[in-house]
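>
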Amino acid sequence: MTGTFRDLAPFAKRGWVLQPGQARSNLLCFHSQSNQLSLEHDSPASFVQFHVPLVRPSWGSYQLEHDHGTKYPPNPYKPKHMNIAPSKSLPPAAKQQLILNHLRASRTCHTLKDLEKCLPSVASINGMQVKDYIQALTDDGKLHVEKIGSGNWYWAWAGEEQKEKEKVKHDLVRELEKLEVAVLELEEKNKAARGAIGNGGGDEDGEREELMARKADGAAAIVKLKAEEDRYLNGGAGGGIEMKEVDIKRWKEETEMWTDNIYVLEEYLGKLAGGDREIVESVKRECYGQEYVEGEGLRELQF
Numbered sequence: 001m002t003g004t005f006r007d008l009a010p011f012a013k014r015g016w017v018l019q020p021g022q023a024r025s026n027l028l029c030f031h032s033q034s035n036q037l038s039l040e041h042d043s044p045a046s047f048v049q050f051h052v053p054l055v056r057p058s059w060g061s062y063q064l065e066h067d068h069g070t071k072y073p074p075n076p077y078k079p080k081h082m083n084i085a086p087s088k089s090l091p092p093a094a095k096q097q098l099i100l101n102h103l104r105a106s107r108t109c110h111t112l113k114d115l116e117k118c119l120p121s122v123a124s125i126n127g128m129q130v131k132d133y134i135q136a137l138t139d140d141g142k143l144h145v146e147k148i149g150s151g152n153w154y155w156a157w158a159g160e161e162q163k164e165k166e167k168v169k170h171d172l173v174r175e176l177e178k179l180e181v182a183v184l185e186l187e188e189k190n191k192a193a194r195g196a197i198g199n200g201g202g203d204e205d206g207e208r209e210e211l212m213a214r215k216a217d218g219a220a221a222i223v224k225l226k227a228e229e230d231r232y233l234n235g236g237a238g239g240g241i242e243m244k245e246v247d248i249k250r251w252k253e254e255t256e257m258w259t260d261n262i263y264v265l266e267e268y269l270g271k272l273a274g275g276d277r278e279i280v281e282s283v284k285r286e287c288y289g290q291e292y293v294e295g296e297g298l299r300e301l302q303f
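Residues in the sequence shown are numbered consecutively from 1, following UniProt numbering.
Below, the structure is given as structure tokens:
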């Protein structure tokens, strides 16, 4: 079979592509027995074969160049599910995991400049966000950093992911053991409580009777207190509210009268002491007792 480079389309459609090779001619021959393509010059004077084996399938682009430098597009029959860019709506944690997976798969160290070039397409992030994501992974201990020369180098090994999973598993196992011990303790307490309830049925009845008796005593005390309250409010215990108001008014008037009398006696005492202030204050202090205020005399009445 012979044909031009565009005749490769049927092979690409079946998933067969050419491995890298260059031809200096646009004429090819396919040998079915050797499963090879022979590329030959246009000139009839010379016949040079360039054998390129066919392989299945690389799903890469079968870029072949002839004399005019034309490049054929990538295989149009490449499966749609491969090399799909991650969604930009992923949460930050998912994007961090994509970055970690990429760095672990690379198995090498990277500078910040390299990461700013490759990570935007890996995790669908903006180039300005690369530094923030790298810093977050470094702070969490998931990404290693070392200053070598004038710049920082970042790396993450695939084995660390397994160690991290083992650590999480170990912590979960320990937590599970603690919960199992707590469950056993609660079951023992529940069993003991049920046994106590089963053995103490008579005690429960006696306790109930005691509580009912105390309730009856409390109700009787409440009735007694309410009756006493009614007597005070309705005048059954020394008069009603109106009578007490009259008594209070009368006691205030009497108090004011006796206070005026005390002030008169103070003036008379001052005359007897010949104006000696110390003698007068000493007598006041002794007579007034707790009602005496230093420097003022008798405490003022407060109604």
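All C-beta atoms in this analysis are idealised placements derived from N, C-alpha and C, irrespective of residue type, glycine included.
#1: If we count the other Cβ atoms within 10 Å of its Cβ and call it buried at 16 or more, is Tyr133 buried or exposed?
#2: What's the gap between the Cα of Pro92 and the Cα of Met128?
#3: With a threshold of 16 other CB atoms inside 10 Å of the CB of Ala156, please say whether the residue is buried or exposed.
#4: Out of Leu301, Ala216, Glu286, which has the shortest C-alpha to C-alpha gap to Glu254?
#5: Quick check on the DSSP output: the alpha helix (DSSP H) that includes Lys147 runs from which residue to which?
#6: How long is the line joining the alpha carbons of Glu175 and Glu185, rounded to whole angstroms?
#7: What do you get for Lys95, buried or exposed, if any count of 16 or more other CB atoms within 10 angstroms of its CB means buried?
#8: Which residue spans inside the stretch 85–165 form an unbroken beta strand (DSSP E) run of at least 3?
#9: Report the three-state DSSP secondary structure of Gly297 (helix, strand or coil).
#10: Give the straight-line distance between the Cα atoms of Asn126 and Ser89, rounded to the nearest whole angstrom.
#11: Would Lys284 and Gly297 be called neighbours here (beta carbons separated by less than 9 angstroms)?
#12: Is any heavy atom of the ligand FAD found at a distance shorter than 8 angstroms from the C-beta of Met243?
#13: If you draw a straight line from the C-alpha of Tyr268 to the C-alpha of Gly289, how long is it?
#14: If you follow the alpha helix (DSSP H) that Glu278 is part of, which residue opens it and which one closes it?
#15: Considering only their Cβ atoms, is the gap separating Glu160 from Arg104 smaller than 9 angstroms?
#16: State buried or exposed for Ala123, treating a residue as buried only when at least 16 other CB atoms are found within 10 Å of its CB.
#17: Is any beta-carbon of chain C found at less than 9 angstroms from that of His102?
#18: Return the CA-CA distance between Leu272 and Ile279, expressed in angstroms with no decimal places.
Considering the structure as presented:
#1: Counted from its first residue, the sequence shown places residue 133 at position 133. Result: buried.
#2: Position 92 of the sequence shown, counted from the start, is the residue given in the question as residue 92. Position 128 of the sequence shown, counted from the start, is the residue given in the question as residue 128. Roughly 14 angstroms separates the two Cα atoms.
#3: Walking along the sequence shown from the start, residue 156 turns up at place 156. So Ala156 ends up on the buried side.
#4: Within the sequence shown, numbered from 1, the residue matching residue 254 stands at position 254. Measuring from the Cα of Glu254, the nearest candidate turns out to be Leu301.
#5: Here residue 147 is taken as the residue at index 147 of the sequence shown, counted from 1. Taken as a continuous stretch (DSSP letters only), Lys147 belongs to no alpha helix (DSSP H), being part of the beta strand (DSSP E) at 144–148.
#6: For this step, residue 175 is matched to residue 175 along the sequence shown. For this step, residue 185 is matched to residue 185 along the sequence shown. Distance between the alpha carbons of Glu175 and Glu185: 16 angstroms.
#7: As a first step, residue 95 is located in the sequence shown; it is residue number 95 there, counting from the start. Label assigned to Lys95: buried.
#8: 144–148, 151–155
#9: Stepping through the sequence shown from its first residue, residue 297 is reached at position 297. Correct three-state label for Gly297: strand.
#10: In the sequence shown, counting from the first residue as 1, residue 126 sits at position 126. In the sequence shown, counting from the first residue as 1, residue 89 sits at position 89. Straight-line Cα distance between these residues: approximately 13 angstroms.
#11: To locate residue 284, count along the sequence shown from 1; it is residue 284. To locate residue 297, count along the sequence shown from 1; it is residue 297. Yes, these two residues count as a Cβ contact at 9 angstroms.
#12: Judged by which ligands are present, the structure shown has none, so any question about the ligand FAD falls away.
#13: As a first step, residue 268 is located in the sequence shown; it is residue number 268 there, counting from the start. As a first step, residue 289 is located in the sequence shown; it is residue number 289 there, counting from the start. So the alpha carbons of these two residues sit roughly 20 angstroms apart.
#14: Here the question's residue 278 lines up with position 278 in the sequence shown. Run containing Glu278: 277–288, per the alpha helix (DSSP H) assignment.
#15: Taking the first residue of the sequence shown as 1, we reach residue 104 at position 104. Taking the first residue of the sequence shown as 1, we reach residue 160 at position 160. It is a contact, given that the beta carbons lie within the stated cut-off.
#16: Taking the first residue of the sequence shown as 1, we reach residue 123 at position 123. Classification for Ala123: buried.
#17: Of the protein chains in this structure there is only one, and it is not chain C.
#18: Translated into positions along the sequence shown, residue 272 becomes position 272. Translated into positions along the sequence shown, residue 279 becomes position 279. Going by the C-alpha atoms only, they are around 10 angstroms apart.
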